[in-house]
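Residue numbers (my numbering): 460 to 730.
All C-beta atoms in this analysis are idealised placements derived from N, C-alpha and C, irrespective of residue type, glycine included.
What you are looking at is a predicted structure, and each value in this text was computed from that prediction instead of being measured.
Reviewing the structure listed below.
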């Protein structure tokens with residue numbers, strides 16, 4: 460069989476679904492159809508990692524293929540420090556070590572929105588963008604990735620900013636759109652309030668909006684009234700998995716965009 464392109468597996472753990480992709484780190488392209496399953500309930504480490512490993516093994520062309528995993532919380536050196544939209548027993552859990560015990564090869568664990576920011580900076584809507592870039596992921600909650608000149612400042616968790624006495628994600632996440640049966644225009648008003656707060660704090664040069672709802676960006680982004688240029692994520696709902704795969708392949712999370720396409724990844728060969 461012919462050799463496969465250089466590759467890594469990215470697994471994006473969300474509050475509702477777990478998505479996995481086999482990615483070419485040199486281009487960010489998906490090398491196989493994306494795999495998906497529901498996030499287990501309760502979403503404790505043993506149940507979630509079992510699903511992660513199952514998806515990764517199904518996609519990996521050979522044992523030892525690098526695997527990157529996103530989690531919806533602060534992750535420092537592979538250890539989960541906060542748990543948003545997953546079971547609180549994750550707090551203090553060494554996810555990287557636990558994953559390394561289950562699969563061969565290199566593993567990487569990262570905040571979900573940070574992974575999306577890495578991908579959008581490398582191959583998406585923020586590629587070659589100078590200055591301050593804010594990537595937000597709208598879903599069960601609101602994730603955020605902050606980048607300065609292509610360098611990621613990790614674990615910002617700006618979805619937890621308080622607006623009108625409540626965390627912003629309680630009022631402006633996609634889950635609020637559906638839970639409260641808001642129309643897109645009414646939801647856009649809430650997003651406007653949220654993004655204006657971020658404008659005041661960060662003065663970004665570009666805001667990128669990701670998550671599954673970014674596929675419907677034309678229904679709400681035109682009604683978000685802010686000064687900063689705002690655009691939908693180019694990689695859509697695949698950004699988290701792609702970013703996790705890039706990092707697992709050995710990409711430096713603080714690298715400039717040009718770096719990502721110029722360095723070879725772990726070599727993936729056929730069985």
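Which listed residue (the options) has its alpha carbon closest to that of residue i
{"i": "residue 698", "options": "521, 533, 496 and 571", "result": "571"}
{"i": "residue 526", "options": "569, 492, 541 and 548", "result": "569"}
{"i": "residue 532", "options": "703, 543 and 646", "result": "543"}
{"i": "residue 665", "options": "624, 629 and 586", "result": "586"}
{"i": "residue 477", "options": "511, 560, 465 and 647", "result": "511"}
{"i": "residue 617", "options": "573, 521, 638 and 494", "result": "573"}
{"i": "residue 600", "options": "590, 620, 687 and 684", "result": "620"}
{"i": "residue 662", "options": "607, 613 and 648", "result": "607"}
{"i": "residue 706", "options": "529, 514 and 493", "result": "529"}
{"i": "residue 794", "options": "614, 592, 589 and 679", "result": "Past the boundaries of the shown model lies residue 794; the chain is included only from 460 to 730, so the question cannot be answered."}
{"i": "residue 701", "options": "465, 487, 609 and 635", "result": "487"}
{"i": "residue 614", "options": "539, 553 and 681", "result": "539"}
{"i": "residue 594", "options": "492, 658, 643 and 642", "result": "658"}
{"i": "residue 612", "options": "708, 635, 535 and 471", "result": "535"}
{"i": "residue 580", "options": "503, 604, 686 and 644", "result": "604"}
DSSP state of residue i mapped onto helix, strand, coil
{"i": "residue 685", "result": "coil"}
{"i": "residue 471", "result": "strand"}
{"i": "residue 511", "result": "helix"}
{"i": "residue 662", "result": "coil"}
{"i": "residue 625", "result": "strand"}
{"i": "residue 489", "result": "strand"}
{"i": "residue 672", "result": "helix"}
{"i": "residue 730", "result": "Interpretation of residue 730 is limited by its pLDDT of 33, a score under 50 that renders its predicted location unreliable; no figure is taken from the coordinates."}
{"i": "residue 620", "result": "coil"}
{"i": "residue 527", "result": "strand"}
{"i": "residue 706", "result": "helix"}
{"i": "residue 692", "result": "coil"}
{"i": "residue 652", "result": "helix"}
{"i": "residue 502", "result": "coil"}
{"i": "residue 711", "result": "Low confidence applies to residue 711: its pLDDT is 49, below 50, so where it sits in the model is not reliable enough to give any reading."}
{"i": "residue 462", "result": "Reliability fails at residue 462, whose pLDDT of 35 lies under 50, so the model's placement of it is uncertain and the value that follows must be treated cautiously. Residue 462: coil per DSSP, three-state reduction."}
Close beta carbons around residue i, own chain, < 7 angstroms, minus the five adjacent residues each side
{"i": "residue 704", "result": "467, 468, 469, 480, 482, 484 and 527"}
{"i": "residue 736", "result": "Any answer about residue 736 is impossible in this case: the structure gives the chain only from 460 up to 730."}
{"i": "residue 556", "result": "537"}
{"i": "residue 505", "result": "none"}
Contacting residues, own chain, Cβ-Cβ under 6 angstroms from residue i (five flanking each side not counted)
{"i": "residue 522", "result": "563"}
{"i": "residue 596", "result": "572, 575, 602, 669 and 670"}
{"i": "residue 490", "result": "466, 481 and 483"}
Chain-order list of residues whose beta-carbon lies under 8 angstroms from that of residue i (same chain, five-residue window excluded)
{"i": "residue 683", "result": "647, 650, 651, 654 and 689"}
{"i": "residue 475", "result": "497, 498, 598 and 599"}
{"i": "residue 673", "result": "597, 691, 692, 695 and 696"}
{"i": "residue 494", "result": "478, 479, 480, 514, 517 and 518"}
{"i": "residue 501", "result": "546"}
{"i": "residue 622", "result": "630, 631, 652, 653 and 656"}
Strand pairing of residue i, partner residues [DSSP]
{"i": "residue 482", "result": "467 and 489"}
{"i": "residue 477", "result": "472 and 496"}
{"i": "residue 667", "result": "594 and 690"}
- [ ] Just list the alpha helix (DSSP H) runs in the region 530-614, keeping only unbroken ones of 4 residues or longer that don't cross its boundaries, in chain order.
- [x] The DSSP assignment places complete alpha helix (DSSP H) segments of no fewer than 4 residues inside the region 530-614 at 554-559 and 571-582, in order along the chain.
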